[in-house]
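Protein chains in written order, with our numbering: chain A, 3 to 360; chain B, 3 to 360.
All residues carry an ideal CB built from backbone N, CA and C; glycine is no exception.
Fair warning: this is a prediction, and the values are worked out from it, not measured in the lab.
There are 2 protein chains.
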Amino acid sequence: MNEEEEEKKRKMVKNLLPNKQIVLNQSVSGYPKESDFGLRSSFINCSLSDDSSQAVLLKNLYLSCDPYMRHRMSDQVAHPGTIIQSFTPGSVLVGYGVSKVMESTHPRFKEGDFVWGMIGWEEYSLISSPDRLNKISFTDVPLSYYAGILGMPGIAAYVGFHKICYPKERDCVYVSSAAGGVGQLVGQFAKMIGCYVVGSASTKEKVDLLKQKMGFDEAFNYKEENSGSALRKYFPEGIDIYFDNVGGRMLDEVILQMKAHGRIALCGMISQYNIEEPEGVHNLFSLIMKRIEMKGFVETDFDHVYPEYVEFCIKYLQQGKLVYVEDVAQGIENAPAALVGIFYGRNVGKQVVCIANE
Amino acid sequence: MNEEEEEKKRKMVKNLLPNKQIVLNQSVSGYPKESDFGLRSSFINCSLSDDSSQAVLLKNLYLSCDPYMRHRMSDQVAHPGTIIQSFTPGSVLVGYGVSKVMESTHPRFKEGDFVWGMIGWEEYSLISSPDRLNKISFTDVPLSYYAGILGMPGIAAYVGFHKICYPKERDCVYVSSAAGGVGQLVGQFAKMIGCYVVGSASTKEKVDLLKQKMGFDEAFNYKEENSGSALRKYFPEGIDIYFDNVGGRMLDEVILQMKAHGRIALCGMISQYNIEEPEGVHNLFSLIMKRIEMKGFVETDFDHVYPEYVEFCIKYLQQGKLVYVEDVAQGIENAPAALVGIFYGRNVGKQVVCIANE
Numbered sequence: 003m004n005e006e007e008e009e010k011k012r013k014m015v016k017n018l019l020p021n022k023q024i025v026l027n028q029s030v031s032g033y034p035k036e037s038d039f040g041l042r043s044s045f046i047n048c049s050l051s052d053d054s055s056q057a058v059l060l061k062n063l064y065l066s067c068d069p070y071m072r073h074r075m076s077d078q079v080a081h082p083g084t085i086i087q088s089f090t091p092g093s094v095l096v097g098y099g100v101s102k103v104m105e106s107t108h109p110r111f112k113e114g115d116f117v118w119g120m121i122g123w124e125e126y127s128l129i130s131s132p133d134r135l136n137k138i139s140f141t142d143v144p145l146s147y148y149a150g151i152l153g154m155p156g157i158a159a160y161v162g163f164h165k166i167c168y169p170k171e172r173d174c175v176y177v178s179s180a181a182g183g184v185g186q187l188v189g190q191f192a193k194m195i196g197c198y199v200v201g202s203a204s205t206k207e208k209v210d211l212l213k214q215k216m217g218f219d220e221a222f223n224y225k226e227e228n229s230g231s232a233l234r235k236y237f238p239e240g241i242d243i244y245f246d247n248v249g250g251r252m253l254d255e256v257i258l259q260m261k262a263h264g265r266i267a268l269c270g271m272i273s274q275y276n277i278e279e280p281e282g283v284h285n286l287f288s289l290i291m292k293r294i295e296m297k298g299f300v301e302t303d304f305d306h307v308y309p310e311y312v313e314f315c316i317k318y319l320q321q322g323k324l325v326y327v328e329d330v331a332q333g334i335e336n337a338p339a340a341l342v343g344i345f346y347g348r349n350v351g352k353q354v355v356c357i358a359n360e
Numbered sequence: 003m004n005e006e007e008e009e010k011k012r013k014m015v016k017n018l019l020p021n022k023q024i025v026l027n028q029s030v031s032g033y034p035k036e037s038d039f040g041l042r043s044s045f046i047n048c049s050l051s052d053d054s055s056q057a058v059l060l061k062n063l064y065l066s067c068d069p070y071m072r073h074r075m076s077d078q079v080a081h082p083g084t085i086i087q088s089f090t091p092g093s094v095l096v097g098y099g100v101s102k103v104m105e106s107t108h109p110r111f112k113e114g115d116f117v118w119g120m121i122g123w124e125e126y127s128l129i130s131s132p133d134r135l136n137k138i139s140f141t142d143v144p145l146s147y148y149a150g151i152l153g154m155p156g157i158a159a160y161v162g163f164h165k166i167c168y169p170k171e172r173d174c175v176y177v178s179s180a181a182g183g184v185g186q187l188v189g190q191f192a193k194m195i196g197c198y199v200v201g202s203a204s205t206k207e208k209v210d211l212l213k214q215k216m217g218f219d220e221a222f223n224y225k226e227e228n229s230g231s232a233l234r235k236y237f238p239e240g241i242d243i244y245f246d247n248v249g250g251r252m253l254d255e256v257i258l259q260m261k262a263h264g265r266i267a268l269c270g271m272i273s274q275y276n277i278e279e280p281e282g283v284h285n286l287f288s289l290i291m292k293r294i295e296m297k298g299f300v301e302t303d304f305d306h307v308y309p310e311y312v313e314f315c316i317k318y319l320q321q322g323k324l325v326y327v328e329d330v331a332q333g334i335e336n337a338p339a340a341l342v343g344i345f346y347g348r349n350v351g352k353q354v355v356c357i358a359n360e
């Protein structure tokens, strides 16, 4: 080794930072368990080399635990048009999160900026193509909100409700998984324009939260009350809009209770993610007789709506007319448990993991 | 009985015409059979009394055999928003048909007019609220076309394709039950705007018809070829538009082969009408990942489009750029067999029953 190489090596070692990471141990089938994930002690080069001309080095602050991540844990069969790629066993999880820029060679970002977007489940991430990261300009709210109400779940709730459901005053709106990161917002957005809103959740605590804090007109515990009966009770004349976060049998039941010309926004199907064969939905003929539109959507198709949404959202947050409940786990070590927990409904509100302070 | 009453009675008897009718013997479960229907020899008063001030008396020429009629044969459970009412056992079937006006006390109709719309399955019908009957102004085509291409199936194909599927040039379009009264038109409409079109049907004869007469790019016999394999073969890059006439397992299979941002028009689900429990559709999560819009529709919501459609259709018929294949049964006695036959795919083209000449 010549002197130049030695110097290079010394410099590199000096720049290495310890970097704890969450890795997928193996492809998941059925419900994920904590042992499907591992904590790896790694190192990251905290100095951007001169040739990484469009990169950012991030200190990660919050990780977002989102149901869609379940798909990335499975072995996938490719079909035309699918957009989700599986995590490779042994690799670091990737998901939405909030971070602080430590170093940047990308013209849009500078040291000290806060950003949200796709990051690794690790203490520090080197993002070599940061074009899709969002710079955070408004910091007078909890930064974790950019993993929730001001991030992907927020925009999903907003576009899913306003652009997919065509809501109008007095529409009867049903939201499943209503106390989650998306559902709690859909209900509040619907109340803002004068809809009648009913939500379902898995515990009494969440049901109370929906009625007392989120302003839902009614809410029920689908584990204690038969969903068909509850829907008939709370929607004696039927449902105009169903914002579906759960799929499966609940969707099947709701279709029967929809009004003519109803709209169903398919946002997620968490009830189906951990079972081998998805449940069959049997009542689709009613979509014809009732002329129902059922539409799947992905919020990334609506990036252009984000500026409008942030403006709207921050105004209402400042006025206290919009609330957001988060369930914040502490420490990267606890990230797997937090992620697994959302598939059992253990979270109350949007689940995030705080892995560092600014 | 006084003289006035006697006179009334004499006059009534004199005006009575024999009127053969098809009645539903009993509610149907499973596949309908000819014995579910009966031929009744009845009489109809062929003189409109002075107080029926808005009625028409019709001589019925063609009856339309349509899959949706299966629902009216069942006992129904009412759900919000459904639009189909069951036939009462013992009563005359009602369906789309083409008729000649024998007598009218309604200002819009006069003797000799041809009309299409909802009529009884009988030789003569007294329609006391004829507002929804359509007057036929263009008679330079077979009158039976008003039970098909120029009637309900035609407008269903037109609005279902153009208003529900948002088609554009080079879209890859799949039509099930493609040789039926609706499907054959959807394929031709799609070819007109430069789509790639594949249809499926239940016999070699129909498959040949689709390719040789209707201009479909490809067609397959779903009873001989596995639908999944056929779809992968004919749509190597996936399907943009699925015009669904069959539902059930076929729909489930198609969803997997749809491209991102695909559109599914739900027109009918004939594969599901004769089974006790509809088949479950398991692949709805793909609607989310692929942002697919699936929409049920009923052509009666698009009555305002009918004039535009007729103009378009007649122009292309006259130019020989649109063809329509009918399967015409002869005689009201054969109407039950013709109706039952469509649920076994016995018809080649649109099934109608000719019960009288002009």
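Shown here, A267 of chain B sits in a strand according to DSSP, grouped into three states.
Under the DSSP assignment, V188 of chain A falls in the alpha helix (DSSP H) whose first and last residues are 185-194. At a C-beta separation below 9 angstroms, I277 of chain A has no neighbours in chain B, since its nearest C-beta there lies roughly 11 angstroms away. Counting C-beta pairs with one atom in each stretch, the segment 191-200 of chain A and the segment 149-165 of chain A have three or more that are closer than 8 angstroms, which means they touch. The segment 251-308 of chain B contains, as complete beta strand (DSSP E) runs of 3+ residues, the segments 260-268, 295-298 (chain order). Per DSSP, D68 of chain B is not a residue of any alpha helix (DSSP H), being assigned neither H nor E. F299 of chain B reaches chain A at I290, R293, counting residues in chain order whose Cβ is nearer than 8 angstroms. The Cβ atoms of S88 of chain A and L63 of chain A do not sit closer than 7 angstroms to each other. The way I'd put it, the segment 243-258 of chain A does touch the segment 219-231 of chain A; three or more beta-carbon pairs between them come closer than 8 angstroms. Bridge partners of F222 of chain B according to DSSP: B:S202. Within the segment 65-78 of chain A, no residue has its Cβ closer than 7 angstroms to any Cβ of chain B. C-alpha of M291 of chain B to C-alpha of E36 of chain B: approximately 45 angstroms in a straight line.
Pairing I157 of chain A with Y308 of chain A gives a Cβ-Cβ distance under 7 angstroms. The beta carbon of H73 of chain B is closer than 6 angstroms to those of I86 in its chain, skipping five residues each way along the sequence. Of the residues B:Q23, B:C174, B:F345, the one whose Cα lies closest to the Cα of V256 of chain B is B:C174.
For the segment 175-206 of chain A, the set of positions with a beta-carbon nearer than 9 angstroms to some beta-carbon of chain B is empty. For F245 of chain B, the three-state secondary structure derived from DSSP is strand. For the 7 angstroms CB-CB criterion, V200 of chain A and E220 of chain A form a contact.
The Cβ neighbour count for H306 of chain A, taken over all protein chains shown within 10 Å, is under 16; the residue is labelled exposed.
With 16 or more other Cβ atoms from the protein chains shown falling within 10 Å of its own Cβ, G182 of chain B counts as buried. In the displayed model, Y326 of chain B falls within coil according to three-state DSSP, outside both helix and strand. The DSSP-derived three-state label of F314 of chain B is helix.
Within the DSSP bridge table, the entry for P109 of chain B names no partner.
Between M296 of chain A and chain B, the shortest Cβ-Cβ separation is below 7 angstroms.
In this structure, D329 of chain A places its C-beta atom within 7 angstroms of the C-beta atom of V350 of chain A. Of all alpha-carbon atoms in B:I272, B:R293, B:F191, the one lying nearest the alpha-carbon of S179 of chain B is that of B:I272.
DSSP lists A:L19 as the bridge partner or partners of I46 of chain A. Under the three-state reduction of DSSP, S127 of chain B is assigned to strand. Sequence-distant partners of P20 of chain B (beyond 5 residues in either direction) whose C-beta falls short of 7 angstroms from its own C-beta, in its chain, are S43, F45. Taking C-beta atoms under 8 angstroms as the contact rule, Q23 of chain B and G122 of chain B qualify, at a distance of about 7 angstroms.
Ranked by how close their Cα comes to the Cα of Y346 of chain A, the residues A:V117, A:T205, A:C315 have A:T205 in first place.
With respect to A340 of chain A, C48 of chain A sits apart: the two C-beta atoms are not nearer than 7 angstroms.
Look at Q28 of chain B here: in three-state DSSP terms it is coil, with no helix or strand label. Within the same chain, A180, A181, Q186, G189, G201, A203, F218, A221 come within 8 angstroms of L212 of chain B by CB-CB distance, once the 5 residues on both sides are set aside.
For P280 of chain B, the nearest beta carbon of chain A is closer than 7 angstroms to its own beta carbon. A direct Cα-Cα distance of roughly 9 angstroms separates N27 of chain B from T90 of chain B.
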